[in-house]
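Numbers given in my numbering equal positions in the sequence shown, counted from 1, plus 346. In this text, a Cβ means the ideal position worked out from N, Cα and C, and glycines have one as well. Keep in mind it's a predicted model, so treat the numbers as computed, not measured.
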Amino acid sequence: MSDKYLLETNIVLYILNGEEDLVTFLDGSQLFISIITELELLSYSGITEIEMQNVEAFINDITVIPLNTEVKTSTIVTRKQSKLKLADSIIAASSMVYGMQLVTADKHFKSVNELQLIYYESSNN
């Protein structure tokens with residue numbers, strides 16, 4: 347059985363940019379993104395047509411977690427208890443509701459104690 351990971355937006359960008367160690371780590375795992383990550387990726391105006399095609403292909407190959415009642419309720423609690431912005435609270439709540447580890451490059455997710463977190467530092471920074 348493979349591991350299940352919810353990928354935060356920056357992680358998807360690292361994958362699309364070919365970060366070998368990250369791609370290797372996630373290989374064979376079930377990958378998910380939040381609806382928020384999907385929206386962030388698809389609404390970014392500063393990318394080329396080829397980059398957008400790569401984003402769309404990536405999204406088509408994974409599962410997008412929708413915003414539902416459970417995620418909404420968890421988002422409210424998470425936002426009240428942490429200093430996360432709304433979008434990040436939705437991503438964190440999605441991870442917790444579905445029992446997945448959140449793979450992120452953003453340190454501010456560490457403020458959510460209940461979150462199963464895998465913090466990734468890019469070797470290209």
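**OP:** Kindly indicate which residue of E384, I396 and Q447 has the alpha-carbon position closest to the one of I405.
**Re:** As a working mapping, residue 405 is identified with position 59 in the sequence shown. That would be E384, whose Cα lies nearest to the Cα of I405.
Subject >> Beta-carbon separation (whole angstroms), S428 vs S469, contact threshold 8 Å >> reply: Position 82 of the sequence shown holds residue 428. Position 123 of the sequence shown holds residue 469. Not a contact, Cβ separation roughly 28 Å.
Original post:
How should L388 be labelled, buried or exposed, when 16 other C-beta atoms within 10 angstroms of its C-beta is the threshold for buried?
Top reply: Your numbering for residue 388 matches position 42 in the sequence shown. The residue is exposed, with fewer than 16 neighbouring Cβ atoms inside 10 Å.
Original post:
Which residues share a DSSP beta bridge with S380?
Top reply: In the sequence shown, counting from the first residue as 1, residue 380 sits at position 34. According to DSSP, which records beta bridges pairwise, S380 is partnered with I411.
Original post:
Would a C-beta distance cut-off of 8 Å place E467 and M442 closer than the cut-off?
Top reply: Position 121 of the sequence shown, counting from 1, holds the residue named residue 467. Position 96 of the sequence shown, counting from 1, holds the residue named residue 442. No, the Cβ-Cβ distance between E467 and M442 is not below 8 Å.
Subject >> N-terminal and C-terminal residue of the beta strand (DSSP E) that V449 is part of >> reply: Taking the sequence shown and counting its residues from 1, one reaches residue 449 at position 103. Taken as a continuous stretch (DSSP letters only), the beta strand (DSSP E) holding V449 covers Q447 to T450.
Original post:
Is there contact here, the stretch 366 to 375 with the stretch 415 to 423, by at least three beta-carbon pairs under 8 Å?
Top reply: no
Original post:
Out of L413, T424 and Y444, which has the shortest C-alpha to C-alpha gap to F455?
Top reply: For the purposes of this step, residue 455 is taken as the residue at position 109 of the sequence shown. Of L413, T424 and Y444, the residue nearest in Cα terms is T424.
Original post:
CB-CB under 6 Å to I382, same chain, minus the five flanking residues each way: which ones, in chain order?
Top reply: Reading the sequence shown from its first residue, position 36 is the one you call residue 382. Beyond the five residues adjoining it in sequence on each side, I382 comes within less than 6 Å, by CB distance, of A433, I436 and I437 in the same chain, given in chain order.
Original post:
Got a sec? Which residues, its chain only, sit under 8 Å from S375 by beta carbon, not counting five neighbours each side?
Top reply: Counting from 1 along the sequence shown, the entry for residue 375 is found at position 29. Excluding positions up to five away in sequence, the list reads S348, D349, K350 and Y351.
**OP:** Use the C-beta contact count for T394: other C-beta atoms within 10 angstroms, 16 or more gives buried, fewer gives exposed.
**Re:** As a first step, residue 394 must be located in the sequence shown, where it is residue number 48. Exposed, by the Cβ-count rule.
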